[in-house]
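Right, one structure below, let's go through it.
There are 2 protein chains.
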Amino acid sequence: MPALPPFDDAAPDAVPVQAAPSFSPLYQQIKGLILQSLQAGEWKPGEAIPSEMDLASRFRVSQGTVRKAIDELAAENLVVRRQGKGTFVATHAEQHVQYRFLKLVPDSGDRDEEGPAERSILECRRTRASAEVARALGLRTSDAVVQVRRVLAFAGVPTILEDIWLPGSAFKGLSAEQMADFQGPTYAMFELEFGVRMVRAEEKIRAVAADAQQAQLLRVPTGSPLLSVERIAFTYNDVPMELRRGLYRTDNRHYRNELS
Amino acid sequence: MPALPPFDDAAPDAVPVQAAPSFSPLYQQIKGLILQSLQAGEWKPGEAIPSEMDLASRFRVSQGTVRKAIDELAAENLVVRRQGKGTFVATHAEQHVQYRFLKLVPDSGDRDEEGPAERSILECRRTRASAEVARALGLRTSDAVVQVRRVLAFAGVPTILEDIWLPGSAFKGLSAEQMADFQGPTYAMFELEFGVRMVRAEEKIRAVAADAQQAQLLRVPTGSPLLSVERIAFTYNDVPMELRRGLYRTDNRHYRNELS
DNA sequence: GAGTGGTCTAGACCACGCG
DNA sequence: GCGTGGTCTAGACCACTCA
Chain A
1 MPALPPFDDA
11 APDAVPVQAA
21 PSFSPLYQQI
31 KGLILQSLQA
41 GEWKPGEAIP
51 SEMDLASRFR
61 VSQGTVRKAI
71 DELAAENLVV
81 RRQGKGTFVA
91 THAEQHVQYR
101 FLKLVPDSGD
111 RDEEGPAERS
121 ILECRRTRAS
131 AEVARALGLR
141 TSDAVVQVRR
151 VLAFAGVPTI
161 LEDIWLPGSA
171 FKGLSAEQMA
181 DFQGPTYAMF
191 ELEFGVRMVR
201 AEEKIRAVAA
211 DAQQAQLLRV
221 PTGSPLLSVE
231 RIAFTYNDVP
241 MELRRGLYRT
251 DNRHYRNELS
Chain B
1001 MPALPPFDDA
1011 APDAVPVQAA
1021 PSFSPLYQQI
1031 KGLILQSLQA
1041 GEWKPGEAIP
1051 SEMDLASRFR
1061 VSQGTVRKAI
1071 DELAAENLVV
1081 RRQGKGTFVA
1091 THAEQHVQYR
1101 FLKLVPDSGD
1111 RDEEGPAERS
1121 ILECRRTRAS
1131 AEVARALGLR
1141 TSDAVVQVRR
1151 VLAFAGVPTI
1161 LEDIWLPGSA
1171 FKGLSAEQMA
1181 DFQGPTYAMF
1191 ELEFGVRMVR
1201 AEEKIRAVAA
1211 DAQQAQLLRV
1221 PTGSPLLSVE
1231 RIAFTYNDVP
1241 MELRRGLYRT
1251 DNRHYRNELS
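Residue numbers (this note's numbering), protein chains in the order written: chain A, 1 to 260; chain B, 1001 to 1260.
Set out below in C-alpha cells:
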C-alpha cells in the first residue's frame, strides 16, 4: 500500500509528507501539516476542517493516523471535535466557555451568569517597547507596541485593572473604541479584526499591595492586597503576542485552579 | 470472536466486563476496572501494572482497547508509561517532578536546585472538625481530624506557612516527627505510611494581608501582601482527603500557571 | 440515508530497555 | 533476543447530526 514508513521523506508523487527533516512518527508529521494549515488561515476559527477521511486521502495515510494527529490538536484546544458534525477550528468566540483564560470566579457560584464584564478603557496608545516588554514579546527595545489600560467591573464593582501590551506590527489601528465596543471576549476581537489567535498562555501570580493610583481605580484602600497576574499569551509556534499585567480584587472572588 | 459488544454486560464465563450497569464504551469500562485495582492497592505506587497484552487477555478485549484505557489513565497522571519497560503506578516519590502540586517557583531559574524545603512543624494534633473543615473534607462536624501547622523555608528564608487538615480516620497516628523527618514530599509519606494517594487537587487563590502572627512566622511586616492558597486534594473517586491553607511569600517567588 | 466522528479488532512492524 | 510500549494499517460497525 502507498502508506509511507515513518522515515520516508520522499513520497513518490502524491501530496508528500514533505519537509519533515528529522525523524518523528507519521502522525506527528501529519499534525505538523495540519498545524501549518491552521496557522496559514486555510480554515478560519469556527469553521470545520476537512473530515478525517479527506485528510487521510490527502496525506496518503490511514484514517487512524489522522485521528491520532487530530486527537493531539484537540487535547491542546486548537481544534474541537463534534460527533456527527465534524472537527472545528477552536475560537475564543462562541466557545461555551467564555473567557477561557480568565480564572477569576465569584466565591459563590462558579459560573458567571452575572453577564459580561463592563469595560472602561482608560488608555489606548501606540508607544515604544521598554526593555522588559520587548523581552516578553520577543521584540527589540523601542519597537512599536500598542498599550491599553482598562478596568473591568462586575455588577458595577471595579474588579480588574489591566495593562496590555501588543506588538505594534500585528495590531495596527487598534483603537479604544474597538476595545470598548466589541461584544464578547477581547481575544475573539483579536481573531476577527487582526487574525491573531491566542492558543496558550503562561501566568506568574503574586500578591501585591495597591498603590494610590491602583487603589483609586479599583476603589479599595491604598495598600490593600491585590492579586497580580502577569500573563504572556502565545499564538502558534509559541510566538508571544501579548503581555498583560492584571491586578485582581479578591475580596469576593478567587483565582480557581485545578491540579493533576 | 469473544470480544464483547460494548453493551454486553453478561460475559459468558471469562473474566467479565462486569458491574457496568449503564452504557459506556468498552475502553471506559476497562479503565474503570483498572481504576478499581489501583484503588484497591492491587499494584503499589511505583510498581508496574500488568502489560497491555496481559490486561487484554484478562479482560478479553484487544490490546488497542486496553491501550486507550491506559492512555486516559496516563493523561490523568494516575499511571506513567515507559517505553520498553512497562506502565507504572504514579507516585509522589521518585517522580522526577518533586512537589507535583506546589507551583511556587523562584523568580529566577524555574528549577528548584536549591534543595528541598526546610520544614518546621509548629503543631500537630488531633482535634474535631469545624463546620468549614467538615464541609471541605466531606465529614460531619466534630468528626476527628488531624491538624498540622508548619513553615517551609528555602535557603533559610521562611516562605510558606501552612495549615493542613486530614481526616482522623485515615491518618491515625500521624506524628510531628513523621511530618518533620520524612525525606521527600509529604504526599509521598502519605502514600507510604497511610496508603493515601493524592491524585488531583483544586486550589482557590487570593491576595491577603498578613496578620501579626503570620507576619512574625514568615518574618515580614504585618500587613504585607501574601498569596493565600486553599487546596483540597482528592484521592480516587474524587474523595477529598486533605484541606490545606497556605500563605506564600511572593517577594522572590511566584505561582506559575499554564493555561491552554 | 448520507456523512461525520467514535469504538473495536487483528495483525504487522518499530523503538526501547535490559539481561 | 525477548518483552514492553509505540506506531500504523484496514476494515467493520456504532452513534450522532442534518437534510
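We put the CB at the ideal spot given by N, CA and C, even for glycine.
At the 9 Å Cβ level, is H96 of chain A part of the contact set with chain B, yes or no? Judged by the 9 Å Cβ criterion, H96 of chain A is not in contact with chain B.
Within 9 Å (strictly less), CB to CB, does I205 of chain A reach chain B? At least one chain B Cβ lies under 9 Å of I205 of chain A.
I need the straight-line Cα distance from L161 of chain A to E132 of chain A, nearest angstrom please. Distance from the CA atom of L161 of chain A to the CA atom of E132 of chain A, rounded to whole angstroms, is 20 Å.
Comparing C-alpha positions only, which one of A:R206, A:Y187 and A:A74 sits nearest to L1104 of chain B? Looking at the Cα atoms, A:R206 is the closest of the given residues.
F1101 of chain B and Y1187 of chain B closer than 9 Å at C-beta: Cβ atoms of F1101 of chain B and Y1187 of chain B: closer than 9 Å.
Considering only C-alpha positions, which residue in the set B:E1123, B:F1194, B:R1244 and B:A1144 is nearest to E1202 of chain B? Per the Cα distances, B:R1244.
Indicate whether L218 of chain A and R197 of chain A have their beta-carbon atoms separated by less than 9 Å. Not in contact: L218 of chain A and R197 of chain A (Cβ atoms no closer than 9 Å).
If we define contact as Cβ-Cβ less than 9 Å, is A254 of chain A a contact residue for chain B? The displayed chain sequence assigns His, not Ala, to residue 254 of chain A. Residue-level contact check: H254 of chain A touches chain B, since one or more beta carbons of chain B fall below 9 Å from its beta carbon.
Using a Cβ cut-off of 7 Å, pull out every chain B residue sitting near N257 of chain A, in sequence order please. From the beta-carbon of N257 of chain A, the residues of chain B found nearer than 7 Å are E1203, I1205 and N1257.
For I1205 of chain B, the three-state DSSP class (helix, strand or coil): I1205 of chain B: strand per DSSP, three-state reduction.
C-alpha distance - A209 of chain A paired with T222 of chain A, whole-angstrom precision: Between A209 of chain A and T222 of chain A, the alpha-carbon positions lie close to 8 Å from each other.
Measure the C-alpha to C-alpha separation of G184 of chain A and W165 of chain A and round it to an integer number of angstroms. Cα-Cα distance, rounded: 20 Å.
Given A1048 of chain B, which residues of its chain have a CB within under 6 Å of its CB, disregarding the five upstream and five downstream residues? Closer than 6 Å at the Cβ level, and outside the excluded window around A1048 of chain B, lie G1086 and F1088.
Would R125 of chain A and D143 of chain A be called neighbours here (beta carbons separated by less than 9 Å)? The answer is no: Cβ separation not under 9 Å.
Starting from T1087 of chain B, trace the beta strand (DSSP E) both ways and give me its first and last residue. Residues G1086 to V1089.
With distances taken Cα to Cα, identify the nearest neighbour of N1237 of chain B among B:E1118, B:L1038 and B:P1106. Closest option to N1237 of chain B, Cα to Cα, is B:L1038.
Starting from Q1147 of chain B, trace the beta strand (DSSP E) in both directions and tell me its first and last residue. Annotation: the continuous beta strand (DSSP E) that includes Q1147 of chain B extends over A1144 to F1154.
Neighbourhood of E242 of chain A by C-beta, 6 Å cutoff - its chain only, sequence neighbours within 5 removed: Same-chain partners within the cutoff: L166 and A233.
Measure the C-alpha to C-alpha separation of R1200 of chain B and H254 of chain A and round it to an integer number of angstroms. Here the C-alpha atom of R1200 of chain B lies approximately 19 Å from the C-alpha atom of H254 of chain A.
If we define contact as Cβ-Cβ less than 9 Å, is P240 of chain A a contact residue for chain B? False, the Cβ-Cβ gap to chain B never drops below 9 Å.
What whole-angstrom Cβ distance do A180 of chain A and I121 of chain A have, given they're in contact under 8 Å? Confirmed, about 5 Å.
Of all Cβ atoms in chain A, is any one closer than 9 Å to the Cβ of K1225 of chain B? With the sequence shown as reference, residue 1225 of chain B is identified as Pro, and Lys is not the correct amino acid for it. So yes, P1225 of chain B belongs to the interface.
Any chain A beta carbon closer than 9 Å to S1024 of chain B: Cβ-Cβ to chain A under 9 Å: no for S1024 of chain B.
Looking at chain B, is there any beta carbon in it that lies within less than 9 Å of the beta carbon of V208 of chain A? V208 of chain A counts as touching chain B.
Top-ranked residue by Cα proximity to L139 of chain A, from A:G84, A:P240 and A:L259: Proximity to L139 of chain A across A:G84, A:P240 and A:L259 peaks at A:P240, based on C-alpha coordinates.
Three-state secondary structure (DSSP) of T1127 of chain B: It is a strand residue.
Using the three-state DSSP reduction, which class does N1291 of chain B fall into: helix, strand or coil? One cannot answer for residue 1291 of chain B here, as it falls past the ends of chain B, which runs 1001 to 1260.
Using C-beta distances below 7 Å, list every residue in its chain close to F1154 of chain B, excluding the 5 sequence neighbours before and after it, in chain order. Taken in chain order, the residues that qualify are E1114 and A1117.
Within this structure, are the beta carbons of G195 of chain A and G41 of chain A separated by less than 9 Å? Cβ distance < 9 Å, so G195 of chain A and G41 of chain A count as in contact.
Using a 10 Å radius around the Cβ and a threshold of 16 neighbouring Cβ atoms, would you call N1257 of chain B buried or exposed? With 16 or more other Cβ atoms inside 10 Å of its own Cβ, N1257 of chain B counts as buried.
Please list, in chain order, the chain A residues whose beta carbon lies closer than 9 Å to that of T1222 of chain B. Among the residues of chain A, none has a CB under 9 Å from the CB of T1222 of chain B; the nearest is roughly 12 Å distant.
N77 of chain A touches chain B at which residues, Cβ-Cβ below 8 Å? Neighbours of N77 of chain A on chain B, chain order: S1260.
Distance check for L192 of chain A and F182 of chain A, CA to CA, integer angstroms please. Roughly 10 Å between the two C-alpha positions.
Flag this pair as yes or no: are the beta carbons of E52 of chain A and V66 of chain A separated by less than 9 Å? Contact flag set, yes.
Contact check, R150 of chain A vs E123 of chain A, beta carbons under 9 Å: With contacts defined as CB atoms closer than 9 Å, R150 of chain A and E123 of chain A qualify as a contacting pair.
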